[in-house]
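Counting in the numbering used here, the sequence shown runs from 894 upward without gaps. Glycine is no exception: its CB is placed at the ideal position from the N, C-alpha and C atoms. Take a look at the structure below.
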Amino acid sequence: MSFRQRLMASQDVPGRCGACRHFDNEGATLEANFAALVTMGSGFASVRARDGFCGLRGVYLSDRAGCASFAERPGQQG
């Protein structure tokens, strides 16, 4: 099972990536971290939904994923 699959399958996580301080789903961040993405289209594409980049692990994943390293984003609850 891949790292991403383990993240998605985990039920015992304190929070979801979309609310984590390490998660960034801005198009510019994705393009900066995955240079080839610009060749294929854009980090601003609607097909990626709310997927983003985990700055802690350096991976692209869904905002619904989660892990034990969850850290709540300042000023946000849940």
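Looking at the structure shown, is residue i part of a helix, part of a strand, or coil, going by DSSP?
| i | result |
| --- | --- |
| Arg909 | strand |
| Ser895 | coil |
| Ala925 | helix |
What is the residue span of the beta strand (DSSP E) that residue i lies within?
| i | result |
| --- | --- |
| Leu954 | 952 to 954 |
| Gly968 | No beta strand (DSSP E) holds Gly968; DSSP gives it neither H nor E. |
Taking residue i as the reference, give the member of the options with the closest Cα.
| i | options | result |
| --- | --- | --- |
| Asn926 | Asp956, Arg950, Ala912 | Arg950 |
| His915 | Cys947, Arg957, Val952 | Cys947 |
| Leu923 | Gly945, Ala912, Cys913 | Gly945 |
In terms of residue numbering, what span does the alpha helix (DSSP H) encompassing residue i cover?
| i | result |
| --- | --- |
| Gly945 | It is not in any alpha helix (DSSP H) - Gly945 instead sits in the beta strand (DSSP E) that spans 945 to 947. |
| Gly959 | Unbroken run through Gly959: none, as it is neither H nor E. |
| Val919 | A small fix is needed here, since residue 919 is Glu in this sequence, not Val. No alpha helix (DSSP H) holds Glu919; DSSP gives it neither H nor E. |
Here's the rule: buried if 16 or more other CB atoms are within 10 angstroms of the residue's CB, otherwise exposed. What is residue i?
| i | result |
| --- | --- |
| Ser955 | buried |
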